[in-house]
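Below is one structure, written out as structure tokens, with a few remarks after it.
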Amino acid sequence: MVNAKARLAEAYTCTGTCSSKDTDIGVSYTARGEISDTYAKTPNSGGYYHLAGQYWENGTLKQLSGLPGLPTTISYGPDGQGRGNTVSASSGQTPLVSSTTYNSAGLPTAINLGSGAGDSDSFTYDPNTNRMSQYQFTVNGTSLASALTWNANGMLRAQDITDAFNAPNTQNCTYQYDDLSRIGQVDCGTNKRGQSFAYDPFGNITKTVLANHSGDSFQPTYDPATNRIQTLPGNPPFVVQYDANGNVLNDSLHVYTWDAEGRPLTVDGVGLSYDALGRMVEQNRSGAYTQIVYSPSGGKLALMSAQTLQKALVPLSGRAMAVYNSSGLLYYAHADMLGSIRLGTTPARAMYFDVAYGPFGETYAQSGSVDPAYTGKMADTSQRQDTSGGLYDFPLREYSVQGRWPSPDPAGLVSVCFKDPQTQNRYAYVRNNPMSFVDPLGAQPCDPFFDPFCGRCPFFDPFCGGERRCSPFDPFCHPLLLLPIVRIGRGGGGGVERARRLNLALIPLGIFRALESGGDAGPCQGTTDCSYYKAQCAKATTPSSKLYYCVGAPAVCNSAGHSRQANCVRLQLQEGDNCLNKLTGFAGCEVKNHALAFAFCGVDCSL
271 MVNAKARLAE AYTCTGTCSS KDTDIGVSYT ARGEISDTYA KTPNSGGYYH
321 LAGQYWENGT LKQLSGLPGL PTTISYGPDG QGRGNTVSAS SGQTPLVSST
371 TYNSAGLPTA INLGSGAGDS DSFTYDPNTN RMSQYQFTVN GTSLASALTW
421 NANGMLRAQD ITDAFNAPNT QNCTYQYDDL SRIGQVDCGT NKRGQSFAYD
471 PFGNITKTVL ANHSGDSFQP TYDPATNRIQ TLPGNPPFVV QYDANGNVLN
521 DSLHVYTWDA EGRPLTVDGV GLSYDALGRM VEQNRSGAYT QIVYSPSGGK
571 LALMSAQTLQ KALVPLSGRA MAVYNSSGLL YYAHADMLGS IRLGTTPARA
621 MYFDVAYGPF GETYAQSGSV DPAYTGKMAD TSQRQDTSGG LYDFPLREYS
671 VQGRWPSPDP AGLVSVCFKD PQTQNRYAYV RNNPMSFVDP LGAQPCDPFF
721 DPFCGRCPFF DPFCGGERRC SPFDPFCHPL LLLPIVRIGR GGGGGVERAR
771 RLNLALIPLG IFRALESGGD AGPCQGTTDC SYYKAQCAKA TTPSSKLYYC
821 VGAPAVCNSA GHSRQANCVR LQLQEGDNCL NKLTGFAGCE VKNHALAFAF
871 CGVDCSL
């Protein structure tokens, strides 16, 4: 590996005496520290997949090459401010994107595609809030357009869709919410989509189809002690099964088995394998193997079969994406305000598919060879159904169109805001507000318009002021799973320094270090180190105005001999208004501004 000194160079999995590697990852770097080459193999990949990246002077991607079946080189050209502008290929359809324009806030307003004159994705925004007010996809003179209106609190009020590609998708959908900003109803017109949603005190969802409308009904009963589904309607009722860790075994839609880390081993008979970073890298369908290949920046790039391309997902400017198969460019993917792919069009300027999404990812009003991809974030790959239909593959968890995760949040009680009962539900999706929030990783909801950390290093809890610290050993912040953008430094005076991109070259393998001050954790000394932190966290209940809790799994020493997130934090609550105003790590004290986080809790914190 090149330029790998004191950096992550290799990560592999093995069994037994490790005489051979089951999965393997190798990483090389540029002199500045960008990831220049990745090498990945699985048991049935037929060798290593080698991807190479080159970068512009400002650190943005310049070229991507090396994937079998893709054009030799995909090239990215920046505009005068270093933003994505053009995308070209060394063979086949080129350019893929001829130009990209932005508004004064740096949001893309037009992505001009290379399929023909006038083919574009265009976006307009509210000048006061920068929320998207319209998206329009135009190809060969035909358009799909949607006008968006928002409530004053940032919740989507209406989506008025005019679809000349697919008439059944022309609809005017209005959305209503309850007092906790959870979606309560969607109504797209008589004989069209219409559902109402209800929740118990912990946010467990039920769905009812409105009279004279269509939709998906979901009427489970829940265990109030665990938030698990007990039964589904039927004669007799279907009893939903869980394992001892709270993972669904059979929910009438899918049948699962799970490993000890809460990852699915099989879904509907499809066997799943993971690399050393916990990413799904291989699927086994009765002896037919599919490998999942990730780009140098960590996003899902391709589905392969022993060095033969099945499908590649090439990110373009903004939210656009080019999807290739073994024959070349298959379609352009056009994404809405949340990153869901609503339209696919071919290089010949025809519709490949057209689809609408219900609030929780259910597909309807579809036409063509539908390839669903639900939510995402600017320049990120949307979540796809590459394992089993009706199940979206998020990086950290699978997500069901029932509107719930089949596995609990692996953070456990760390993510609980005790003043907010819904945070005790480890299965709920984006606080039941899927028209305003996304969850790019499967770790926590975030606002794709206003949260600069959305889909990067996740914090705990965005609705209660706590936050998760990131480290190279944190399974929720793998250096190859995502390109981290974190807050670095103390940002004194109660403020926080402006977010900036973290150079992965600065993360040394073998040193467990929280990236924010006040969260350092040193090597384990037998069990002494972990026991110390566990003892500190045990001081949990007195006095009542103070609360101690652990971040991650502090009592566990990993095989590398480092304490895993071994720090406790003290939440010191102000008397009276009960506002969090200090976050104290045992390695140092740091005052943080949690006014934004507490806005979600309904508390005005003047810090």
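In terms of this note's numbering, the sequence shown opens at residue 271 and continues consecutively. The beta-carbon is built from N, C-alpha and C at its ideal position, and this holds for glycine as well. Only a predicted model underlies this, so the values are computations on that prediction, with no experimental measurement involved.
8 Å CB neighbourhood of residue i in its chain, flanking five on each side removed
i           : result
residue 287 : none
residue 295 : 280, 281, 282, 308, 309, 310, 545, 546, 547 and 750
residue 452 : 467, 469, 473, 701, 702 and 703
residue 813 : Note that residue 813 scores a pLDDT of 32, beneath 50, so its modelled location is shaky; the value from the coordinates is reported in the next line. Counting only Cβ-Cβ distances below 8 Å, and skipping sequence neighbours, we find nothing.
residue 316 : 576 and 577
residue 484 : 461, 462, 463, 464 and 634
residue 558 : 575
CB-CB length for residue i against residue j, believed under 8 Å
i           : j           : result
residue 560 : residue 573 : 5 Å
residue 652 : residue 681 : Rounded, the Cβ-Cβ distance is 24 Å, inconsistent with contact.
residue 502 : residue 522 : 6 Å
residue 638 : residue 621 : 6 Å
residue 513 : residue 525 : Rounded, the Cβ-Cβ distance is 12 Å, inconsistent with contact.
residue 629 : residue 456 : 6 Å
Extent of the continuous beta strand (DSSP E) run through residue i
i           : result
residue 612 : 611-615
residue 280 : 280-283
residue 697 : Taken as a continuous stretch (DSSP letters only), residue 697 belongs to no beta strand (DSSP E), as it is neither H nor E.
residue 366 : Taken as a continuous stretch (DSSP letters only), residue 366 belongs to no beta strand (DSSP E), as it is neither H nor E.
residue 467 : 464-469
residue 420 : 412-420
residue 541 : 540-544
residue 272 : Segment: none, residue 272 is in no beta strand (DSSP E) and carries neither H nor E.
residue 357 : 354-359
residue 478 : 475-479
residue 634 : 633-638
residue 296 : 293-299
residue 306 : 305-311
residue 390 : 390-395
Close beta carbons around residue i, own chain, < 7 Å, minus the five adjacent residues each side
i           : result
residue 751 : Only weak support exists for where residue 751 lies, its pLDDT of 33 falling under 50; the coordinates are left without a value.
residue 607 : 402, 405 and 418
residue 667 : 675, 677 and 712
residue 719 : 400 and 401
residue 369 : 355, 356 and 382
residue 499 : 490, 492, 510 and 521
residue 292 : 283, 284, 285 and 313
residue 435 : 412, 414, 613, 621 and 624
residue 532 : 515, 517, 677 and 680
residue 529 : 535
Of the residues the options, the one placed nearest residue i, counting alpha carbons only
i           : options               : result
residue 535 : 494, 688 and 551      : 551
residue 443 : 458, 582 and 451      : 458
residue 447 : 426, 431 and 440      : 426
residue 362 : 508, 342 and 317      : 342
residue 554 : 314, 378, 292 and 577 : 314
residue 437 : 420, 412 and 454      : 412
residue 354 : 644, 708, 710 and 589 : 589
residue 463 : 492, 491 and 429      : 429
residue 596 : 506, 717, 517 and 579 : 579
residue 356 : 380, 338, 335 and 304 : 380
residue 508 : 514, 272 and 519      : 519
residue 496 : 483, 485 and 515      : 515
residue 708 : 531, 610 and 414      : 610
residue 661 : 326, 626 and 631      : 631
residue 441 : 600, 449 and 461      : 461
residue 326 : 633, 305, 320 and 679 : 305
residue 564 : 692, 336, 366 and 275 : 336
residue 338 : 319, 329, 450 and 717 : 319
residue 645 : 706, 624 and 685      : 706
residue 471 : 698, 710, 717 and 716 : 698
residue 655 : 359, 601, 693 and 562 : 562
residue 480 : 454, 584, 504 and 542 : 454
residue 449 : 431, 423 and 527      : 423
Beta-carbon contacts of residue i that lie in its chain and below 6 Å, excluding the five residues immediately before and after
i           : result
residue 744 : Caution is warranted here: a pLDDT of 37 is assigned to residue 744, below 50, making its placement in the model unreliable, and no coordinate value can be reported.
residue 890 : With the chain represented from 271 up to 877, any question about residue 890 goes unanswered, as that position is not in the structure.
residue 874 : Reliability of the predicted coordinates at residue 874 is poor, the pLDDT of 29 falling under 50, and no value is obtained from them.
residue 333 : 324, 343 and 345
residue 881 : Nothing about residue 881 can be reported from this structure: the residues present for the chain run from 271 to 877 only.
residue 347 : 355 and 356
residue 290 : none
Proximity test, residue i beta-carbon vs the ligand GTP heavy atom, cut-off 7 Å
i           : result
residue 500 : Because no ligand of any kind appears in the structure shown, any question about the ligand GTP cannot be addressed here.
Do the segment 373-382 and the segment 392-399 make contact, defined as three or more Cβ pairs closer than 8 Å? yes
I'd like to know if the segment 667-680 and the segment 470-487 are in contact, where contact means that at least 3 CB-CB pairs between them fall below 8 Å. yes
Decide yes or no for the touch test of the segment 379-390 against the segment 607-621: beta carbon pairs closer than 8 Å, at least 3 of them. yes
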